[in-house]
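The structure appears right after this line, and notes come after that.
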Amino acid sequence: MQEMETTSMETRQLHSSQQEAMNKIAEFSGEANEIDIDEWLFDLNNLFSLMKLTDETRILETMGKLTGSALRWYQDN
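In structure tokens, the structure reads:
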């Protein structure tokens, strides 16, 4: 029983640290000179790989980081 509790606690801690890492990724609006898109995509892909996210979840998480004209572009395409 204690082993299950430990595993559950470790899972919650892992999820919490993954969410913290995701929160550190900046939003992207597509404005000129905002952030380097290649670096932003690299950071996202690296985090997604570490988190072992499915393609569907990767898309949803990326959409959540888009704002302004970048979000409008995504919605139009």
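Every letter in the sequence shown is one number past the one before it in the numbering used here, and letter 56, counting from 1, is 56. By construction, the Cβ of each residue, glycine as well, lies at the ideal position given by its N, Cα and C atoms. Keep in mind that this is a model prediction, so the values were computed, not measured.
Under the three-state reduction of DSSP output, Leu44 falls in the helix class. Residue burial is scored here from C-beta neighbours: Phe28 has at least 16 other C-beta atoms within 10 angstroms and is therefore classed as buried. Between Ile25 and Lys52, the gap from beta carbon to beta carbon reaches 8 Å or more. Per the C-alpha coordinates, the member of Glu56, Asp55, Asn77, Asn46 positioned closest to Gln18 is Asn46. When the Cα atoms are used, Ile59 and Ala32 turn out to be separated by approximately 23 Å. Here the C-alpha atom of Thr62 lies approximately 8 Å from the C-alpha atom of Leu44.
The three-state secondary structure of Leu66, taken from DSSP, is strand.
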